[in-house]
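So the sequence shown is numbered by this note's numbering: it starts at -7 and just counts up by one. C-beta: ideal position from N, C-alpha, C; glycine also. Since the model is a prediction, treat every value here as computed from it, not as a measurement.
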Amino acid sequence: MPRLARSVWYDLARDMNWTLSYVDEAEAFPDTMCAKFGMSAESWWSWDEPYKISYREYVHNQTVKEASVYAVNSVVTRSATYEQLDPGWKSAALIHFSAAPFTEYMAGFGDLRMARFGRAAAWRNQAVYGFLDEIRHTQIHLYFSYQLLGKEPRVDWANKEQHTNNWGAIANRSEIEDMAVASDAVTIGVQLPFSLETGFTNLHFMSLAADALSVGDIDFASLVSSVQTDEARHAQQGGATIAVLTANGRKDVAQRLVEISFWRGWRLFSLLTGVSTDYYSPLEHRARSFKEFMNEWIIKQFLDQIREVGLEKPWYWDDHFLPEVEWIHHAYHLGLWYLRPTLWWDPDAGMSAAERDWLEEKYPGWNKTFGKPWDVITQNVREGRLERTVSETLPILCNLCNLAILTPVGHLAGHLASPDPLTVDYNGRKYSFCSAPCKWIFEQDPDRYAGHLTLSDRFAAGQIQPATLEGVLAYMGISPEESGKDATGYAWADLKQAMPATPLRRA
């Protein structure tokens, strides 16, 4: 066979489908592991991925990539490159290193479920490569972060973050476990490869790689670029799965699954990627704004892909998603900085005069909304009233995405406020949501999400003791040495002298 052209044997090797005779279909593919949606087993045999690859080719390609990326890491870690990086960029790298390994590892579980319960042999074969990819991504992130430990001790959060009760870890676990672990193979096949990997993972890696190269963080750029090349291959499982659903009259299933997973992905990546791109990247090295990356990779390209697979744009696209591209990550950034003691990285305010001019240019009206609270914060910093620049309590968190409830009132040029949240009464408990799409997702399957307590719910229920910020930090696993401070020591406020460390306030 090694002497034969791949075109001679590939289709035969990948399409080993057969009708079960010695075991019942429901036993081999139970609904809990692979929902049928009223479709026969044979209807899935048309599943076809556009990127064909054999195991021999896969191993060769991955070997070349591994040799390249580890060679760069070996050289860079022996240099002083990291020490010379901008402090805000270091924080962006810390966020990525802490979120990526667990997410990649959980995605591997999703690929394993598809590798066993995917309804077509070709799908199961492709999912095996996806699992190998995700294990590689987990290992390479942990290895690179381990190499940085001597220079940045807080990078150990790459290994421990998702084992803590930090609010960021809870939000990340909530999404990726819902999508990759607690779902059947067909649901995973739509949500994980299509909505998350085709959409937001590509956006995240491409934007960070561009900024990393500009900043001079060659090691990080090499890492995320190497990972992204894998994502582009196994993400094709999503389009192939949607194609079979729509061809068999289940477009409604595919549409609903995309709408759920796209919104959940948007919520998390608007925080991770949006804040890193528009605030933590040094001004002189910002390739593009987060909105510009979104316009290219999501609003244009991903929407085109949605239409190519026969689906419609999500129902919330025009009235909820597009307006949020203008403001939501600015709100998250303000909240992160205000709650900096709860973070394991130092958030970069990014509020120098030049940076504010850039934000106003990229987001017209920014000064009328977010500029006003930053005016007050800047004045308090300049006058030494740092206790007024730290939150005294936890924000109300959404019972679906576990992020803060923040919504602008009126037009984007209006004022930012926190109105009464959207709520649902279910089984004697009131659930609060940050947006109509989060509320809608909860209502699609309330038993799936009911009972979960956000960090603010746990605080209100008395589960966090003592009921102080110190108690909250201990509950979240944040030590005083790790607790976040302003990345630049408030240099953006044009101070004449260094400021003391940010004090902790009672919650």
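Original post:
How far does the alpha helix (DSSP H) with V0 in it reach, from first residue to last?
Top reply: -2 to 6
Original post:
Starting from L237 and walking both ways along the alpha helix (DSSP H), at which residues does that stretch end?
Top reply: 228 to 239
Subject >> Beta-carbon proximity list for Q183, same chain, < 6 Å, skipping 5 on both sides >> reply: M171, L249, S253
Original post:
So A161 and E153 are in contact, right, with Cβ under 8 Å, and what is the actual spacing, rounded?
Top reply: Yes, they are in contact, since the Cβ atoms of A161 and E153 sit about 5 Å apart, within 8 Å.
Subject >> First through last residue of the alpha helix (DSSP H) which encompasses S424 >> reply: Taken as a continuous stretch (DSSP letters only), S424 belongs to no alpha helix (DSSP H), being part of the beta strand (DSSP E) at 421 to 425.
**OP:** Pick helix, strand or coil for S23, following the three-state DSSP scheme.
**Re:** Inspection of the sequence shows that residue 23 is occupied by Asp rather than by Ser. Secondary structure of D23 (DSSP, three-state): coil.
Original post:
By a C-beta neighbour count over all protein chains shown, 10 Å radius and 16 as the cutoff for buried, is Y423 buried or exposed?
Top reply: buried
Original post:
Taking Cβ positions, are T446 and L389 nearer each other than 8 Å?
Top reply: yes
**OP:** Could you have a look at Y271 and say whether DSSP puts it in helix, strand or coil?
**Re:** helix
**OP:** Reducing DSSP to helix, strand and coil, say where A107 ends up.
**Re:** helix
**OP:** Ignore the nearest five residues each way along the sequence and tell me which others in I320's own chain have a CB closer than 6 Å to its CB.
**Re:** S262
Subject >> E251 versus L260 - alpha carbon distance >> reply: 15 Å
Original post:
Relative to the alpha-carbon of E41, which residue among E49, T233, N9, K243 has its alpha-carbon at the smallest distance?
Top reply: T233
Subject >> Extent of the continuous beta strand (DSSP E) run through L414 >> reply: 414 to 418
Original post:
What number of angstroms, rounded off, separates the C-alpha of K143 from the C-alpha of S137?
Top reply: Between K143 and S137, the C-alpha separation is close to 10 Å.
Original post:
Is T399 helix, strand or coil when you go by DSSP?
Top reply: The answer is strand: DSSP assigns T399 an E or B state.
Original post:
Between K354 and G302, which are expected to be in contact by the criterion C-beta below 8 Å, what is the C-beta distance as a whole number of angstroms?
Top reply: Not a contact, Cβ separation roughly 34 Å.
Subject >> DSSP state of L260 mapped onto helix, strand, coil >> reply: Note: L260 maps to helix in three-state DSSP.
Original post:
Is the Cβ-Cβ distance between T385 and M343 less than 8 Å?
Top reply: no
**OP:** State yes or no: is the C-beta of G257 within less than 8 Å of the C-beta of F186?
**Re:** no
Original post:
If you draw a straight line from the alpha carbon of A204 to that of L188, how long is it in whole angstroms?
Top reply: 22 Å
**OP:** State buried or exposed for K364, treating a residue as buried only when at least 16 other CB atoms are found within 10 Å of its CB.
**Re:** exposed
Original post:
With distances taken from CA atoms, which of F123, E462, A114 is nearest R332?
Top reply: E462
Original post:
Where does L389 sit, in a helix, a strand or coil, going by DSSP?
Top reply: Residue state, collapsed to three classes: strand.
Subject >> G406 classed as buried or exposed, judged by whether at least 16 other C-beta atoms fall within 10 angstroms >> reply: Any reading at G406 needs caution, since the residue's pLDDT is 44, under 50, leaving its predicted position unreliable; the model's value is listed next. Label assigned to G406: exposed.
**OP:** Take V178 as the anchor and find which of K28, V0, Y467, K360 has the nearest alpha-carbon.
**Re:** K28
**OP:** Could you say if the region 70 to 78 and the region 207 to 214 meet the contact criterion of at least three C-beta pairs nearer than 8 Å?
**Re:** yes
Original post:
Exposed or buried, which one is H403 when buried takes at least 16 other CB atoms within 10 Å?
Top reply: Reliability fails at H403, whose pLDDT of 47 lies under 50, so the model's placement of it is uncertain and the value that follows must be treated cautiously. Exposed, by the Cβ-count rule.
Original post:
P356 lies in the alpha helix (DSSP H); which residues open and close that run?
Top reply: Segment: none, P356 is in no alpha helix (DSSP H) and carries neither H nor E.
Original post:
Exposed or buried, which one is P145 when buried takes at least 16 other CB atoms within 10 Å?
Top reply: exposed
Original post:
Hey, how far is the Cα of E288 from the Cα of Q457?
Top reply: 46 Å
**OP:** May I ask you to report which of helix, strand or coil DSSP gives I470?
**Re:** coil
Original post:
Is the Cβ-Cβ distance between E318 and K292 less than 8 Å?
Top reply: no
**OP:** Counting only the same chain and skipping the five closest in sequence on each side, list residues whose C-beta sits under 7 Å from that of S32.
**Re:** none
**OP:** Go ahead and pull the three-state DSSP assignment for N537.
**Re:** Residue 537 is absent from the structure shown; the chain starts at -7 and stops at 499.
Original post:
Which residues mark the beginning and the end of the alpha helix (DSSP H) in which K364 is found?
Top reply: First-last of the alpha helix (DSSP H) with K364: 363 to 374.
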